[in-house]
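S.K.: Before I ask anything, let me first share the structure, which is written out below as structure tokens.
Numbering (our numbering), first residue to last: 759 to 1069.
Take a look at the structure:
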């Protein structure tokens, strides 16, 4: 019992010391120091919500490649060549260029194939296939088959999987509910919800990146936060007993209550901390998951073609 009580008191002291130290510093120090935590949170909201969130949404909308013939009429802008043979030759040249820049590997059947392992490769293939489908529209059956095969490779490799933490989402949503209850519907509440949306979208990792991450770390690294909360739940559910000299055992509900309150307090502090950091963690996820694969608006396929082939 004394052991568990000492642990509980120690945990409470560890939580209370930073609060007391901050209060004392505010009394003793006349100058106003920079609140770095507040600066980090503010920069996370401003950078994540107003700059990177639109870029992430645009990239998610533009990443998938439609099969030939599935494009909207407004996207079709054929290049004016003399005949179809010129378009077929141009499409074949672009396909050769795309394949040359992909990563070769030998399949289980012993066939030489190519795959996408980098964001630069994914963007190159996406732009190249989109240019062929919307500008050239080849009619050669062999070329169309090559386009379909490369489209399949791209869609499989560039597909994204959510690798974020459900606990961060729960904590951030909980903070949003707390803001709504205590302050009502405010501008900051909308900003916070957009920050949560940004975290969710920025946590979507391309398959080719996910494979590399799992090769390096054995997992995608999303279990650390879960492990913290699961550890707190296990600690809070620990049963305490008093053992007497005659062998009797008796539940020590007071120690269980104090221990549970300590774990609850620690969990609440961590949840508050993670809840307001969702946008900041979204910025980190953006650089991990989108820095080499995002798509810029207002950048036309024609300018891409000129840069790629006319230099």
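Here a beta-carbon is modelled for each residue, glycine too, at the ideal position from N, C-alpha and C.
Are the beta-carbon atoms belonging to residue 729 and residue 909 less than 7 Å from one another?
M.R.: Past the edges of the chain, shown from 759 to 1069, lies residue 729, and the structure says nothing about it.
S.K.: Does DSSP put residue 873 in a helix, in a strand, or in coil?
M.R.: It is a strand residue.
S.K.: So, helix, strand or coil for residue 1056, using DSSP?
M.R.: DSSP places residue 1056 in coil when its eight states are reduced to three.
S.K.: Look up residue 919 in the DSSP assignment and say whether it is helix, strand or coil.
M.R.: Note: residue 919 maps to strand in three-state DSSP.
S.K.: Using a Cβ-Cβ cutoff of less than 8 Å, which residues in the same chain neighbour residue 947 once the five nearest sequence positions on both sides are dropped?
M.R.: Closer than 8 Å at the Cβ level, and outside the excluded window around residue 947, lie 934, 937, 938 and 941.
S.K.: Closer than 6 Å by C-beta to residue 965: which residues in its own chain qualify, once you throw out the five before and the five after it? Chain order, please.
M.R.: Once the five neighbours on either side are set aside, the close Cβ partners of residue 965 are 915 and 917.
S.K.: Skipping 5 residues on each side, what residues in its chain have a beta carbon closer than 7 Å to that of residue 1034?
M.R.: Cβ within range, chain order: 799 and 933.
S.K.: Rounded to a whole number of angstroms, what is the C-alpha to C-alpha distance between residue 1064 and residue 1058?
M.R.: Looking at the two C-alpha atoms, the distance is approximately 10 Å.
S.K.: With DSSP collapsed to three states, give me the class of residue 986.
M.R.: Below a pLDDT of 50, predicted positions are generally treated as unreliable, and residue 986, at 46, falls in that range; no measurement from the model is reported.
S.K.: Could you tell me whether the segment 921-931 touches the segment 1030-1044, where touching means 3 or more Cβ pairs closer than 8 Å?
M.R.: The answer is yes - the segment 1030-1044 touches the segment 921-931, with three or more Cβ pairs under 8 Å.
S.K.: Are the CB atoms of residue 849 and residue 926 within a distance shorter than 7 Å?
M.R.: Not a contact, by the Cβ cut-off of 7 Å.
S.K.: In three-state terms, what does DSSP make of residue 1064?
M.R.: Three-state result, residue 1064: helix.
S.K.: Following the continuous alpha helix (DSSP H) through residue 937, name the residue where it begins and the one where it ends.
M.R.: Counting along the chain, the alpha helix (DSSP H) containing residue 937 begins and ends at 924-941.
S.K.: Is it buried or exposed, residue 821, if we count other Cβ atoms within 10 angstroms and call 16 or more buried?
M.R.: It is buried - the Cβ of residue 821 has at least 16 other Cβ atoms within 10 Å.
S.K.: Is DSSP giving residue 861 helix, strand or coil here?
M.R.: Three-state result, residue 861: strand.
S.K.: From this set, 868, 912, 1061 and 871, which residue's C-alpha is nearest residue 878's C-alpha?
M.R.: Taking only the C-alpha atoms, the option nearest residue 878 is 912.
S.K.: Comparing alpha-carbon positions, which option in 1054, 1067 and 868 lies nearest residue 881?
M.R.: Residue 1054 is the option with its Cα nearest to residue 881.
S.K.: Would you give the residue range spanned by the alpha helix (DSSP H) that residue 800 belongs to?
M.R.: Where residue 800 is concerned, the enclosing alpha helix (DSSP H) stretches over 794-803.
S.K.: When the Cα atoms are used, what is the spatial distance from residue 893 to residue 843?
M.R.: Cα to Cα, the separation comes out at about 14 Å.
S.K.: Is residue 963 helix, strand or coil when you go by DSSP?
M.R.: Correct three-state label for residue 963: strand.
S.K.: Can you tell me whether residue 879 is helix, strand or coil according to DSSP?
M.R.: DSSP places residue 879 in helix when its eight states are reduced to three.
S.K.: Looking at C-alpha atoms only, which residue of 854, 801 and 818 is the closest neighbour of residue 905?
M.R.: The residue with the shortest Cα to Cα distance from residue 905 is 854.
S.K.: My output table needs one value for residue 895: the three-state DSSP class, helix, strand or coil.
M.R.: Coil at residue 895, not helix or strand.
S.K.: I need the straight-line Cα distance from residue 835 to residue 1031, nearest angstrom please.
M.R.: In a straight line, the C-alpha of residue 835 is about 51 Å away from that of residue 1031.
S.K.: If you draw a straight line from the C-alpha of residue 898 to the C-alpha of residue 819, how long is it?
M.R.: Roughly 29 Å separates the two Cα atoms.
S.K.: How would you label residue 896, buried or exposed, when you count the other beta carbons within 10 angstroms and need 16 or more for buried?
M.R.: It counts as buried.
S.K.: Residues in its own chain within less than 7 Å of residue 1056 by CB, not counting five upstream and five downstream?
M.R.: If we look at residue 1056 and ignore the five residues flanking it on each side, it has no Cβ neighbours.
S.K.: Quick one, which of 891, 795, 811 and 797 has its alpha-carbon nearest residue 1045's?
M.R.: Ranking 891, 795, 811 and 797 by Cα distance to residue 1045 puts 811 first.
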